[in-house]
Amino acid sequence: MNTSTHVPPRSAPTHEQIVRHLRRAAAVGERAASFGHHPFGAILVGPDHETVLIEQGNVDTVNHAEAVLARIAAMNFSADYLWGCTLYTSVEPCCMCAGTAYWANIGRVVFGMTEELLLEATGNHAENPTMSVSSRYVFDHCQKRVELIGPVADVEDDVMRVQRAFWQTHA
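Numbering-wise (UniProt numbering), the sequence shown opens with residue 1 and increments by one.
Shown next as structure tokens:
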């Protein structure tokens, strides 16, 4: 992995900030579900670990919350600025979303629940055929080192509850 190139310094969020932002991302996912979309939510937080820059719920099976958020971020902020930002998402990003966050130059991704646990909630649901490619695998094969934090036990049960409730009623 090539970690040369200019990398601006960045600080780490506190555990309290991580939990608070993951809960907000989960609430965005619940809001998406209330509009008839899948219950996935993501937020982008600035380098100060407090300022929420973008909130995005899931749109459809191709426009996942994280990928849409990353595209919007890349159009509105510089790559250097985004490297200091953190994308928080209720569920581990799929390989498409991890790749989009990487190409947007978002330097840190934090998730609440793993893709593996999501599969337990969705089963073989035709609307969400999960992939067995972890975001960690994707980021481990990138030239820049995107920091990945997750799963976060403090929110995992709440996220799983929302996922189970949604997918059981959409059978």
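Yeah, the Cβ is synthetic: ideal placement off N, Cα and C, and Gly gets one too.
Exercise. What do you get for Ala-65, buried or exposed, if any count of 16 or more other CB atoms within 10 angstroms of its CB means buried?
Worked result: buried
Exercise. Expressed to the nearest angstrom, what Euclidean distance is found between the alpha-carbon atoms of Ile-149 and Pro-93?
Worked result: 11 Å
For this session: For Gln-56, count neighbouring Cβ atoms within 10 angstroms of its own Cβ and tell me buried if that reaches 16, exposed if not.
Result: buried
Problem set entry | Outcome for Gln-168 when other beta-carbon atoms lying within 10 angstroms are tallied against a minimum of 16 | exposed
For this session: Under the assumption that Ala-26 contacts Val-155 (Cβ atoms under 8 Å), give the Cβ distance between them as a whole number of angstroms.
Result: 6 Å
Exercise. When you compare each of His-49, Ala-70 and Val-133 to His-15 by their alpha carbons, which one comes out closest?
Worked result: His-49
For this session: Give a yes or no on whether the C-beta atoms belonging to residue 189 and Ile-54 are separated by under 9 Å.
Result: Nothing can be reported for residue 189, as the shown portion of the chain is limited to 1 through 171.
Exercise. Enumerated in chain order, which unbroken segments of the beta strand (DSSP E) with a length of 3 residues or greater are wholly contained in the UniProt domain "CMP/dCMP-type deaminase" (16 to 125)?
Worked result: 41 to 45, 52 to 57, 86 to 91 and 108 to 113
Problem set entry | Own chain partners of Val-19 with C-beta closer than 8 Å, once the 5 adjacent residues on each side are dropped | Val-152, Asp-154 and Val-155
Problem set entry | Gly-46 and Gly-84 closer than 9 Å at C-beta | yes
Exercise. Could you give the residue range of the alpha helix (DSSP H) that holds Ser-135?
Worked result: 135 to 140
For this session: State the Cα-Cα distance for the pair Ala-79 and Ala-101, rounded to the nearest angstrom.
Result: 11 Å
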